[in-house]
Structure formats: C-alpha cells, structure tokens
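Visitor: Per the numbering used here, numbering of the sequence shown is gapless, rising by one per residue and ending at 59. To start, I am sharing the structure in question, which I have written as structure tokens.
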Amino acid sequence: MAVPKRKTSKSRRDMRRSHHRIKNTNIVEDKKSGEYRLSHHLDLKTGMYNGKQILVSKK
Numbered sequence: 001m002a003v004p005k006r007k008t009s010k011s012r013r014d015m016r017r018s019h020h021r022i023k024n025t026n027i028v029e030d031k032k033s034g035e036y037r038l039s040h041h042l043d044l045k046t047g048m049y050n051g052k053q054i055l056v057s058k059k
C-alpha cells in the first residue's frame, strides 16, 4: 500500500485545493423588465435576447 513519505504542508494542500472553490454565477438584472437572469441567456419571460425578440409567446 502506498504511504506518503512526508506530511503535506498546509501551503501545498491549499494550492491543490485552489480550484475547489464554488464559482460565482453571473446574475444580471434585466434593464426593461427588472427580472434577474443569467447573462448571455435568453429571458424566458419576455423572449428577448440582446435587445431582439427571439421567442414569440403563444397566448
């Protein structure tokens, strides 16, 4: 069975774990409707993306 030869230092351990953090989601407020949505995503409520009507709501 493999056994470490030396104790891993706190610095080396933390450098290894530097990518384990939780990434922030980029939530933005819509300028027109005021709804929150992910940036670079379609607003499902209005059907708008980048100032253009993409989805047409069927009512």
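Glycine is no exception: its CB is placed at the ideal position from the N, C-alpha and C atoms.
Taking the alpha carbon of residue 30 as the reference point, which residue from 51, 7, 3, 8 has its own alpha carbon closest?
Guide: Position 30 of the sequence shown, counted from the first residue, corresponds to residue 30. When each option's Cα is compared against that of residue 30, the closest is 51.
Visitor: Within the continuous beta strand (DSSP E) that includes residue 37, where are the two ends?
Guide: The residue you call residue 37 lines up with position 37 of the sequence shown. Its beta strand (DSSP E) spans residues 36-38.
Visitor: Could you tell me the boundaries of the beta strand (DSSP E) in which residue 28 lies?
Guide: As a working note, residue 28 is residue 28 in the sequence shown. First-last of the beta strand (DSSP E) with residue 28: 27-29.
Visitor: Which of the three DSSP states, helix, strand or coil, is assigned to residue 1?
Guide: Stepping through the sequence shown from its first residue, residue 1 is reached at position 1. Coil, per DSSP.
Visitor: Measure how close the beta-carbons of residue 54 and residue 42 come, nearest whole angstrom, since I'm counting them as under 8 Å.
Guide: Residue numbering aside, residue 54 sits at position 54 when the sequence shown is read from its first letter. Residue numbering aside, residue 42 sits at position 42 when the sequence shown is read from its first letter. Indeed they touch by this definition, with Cβ atoms about 6 Å apart.
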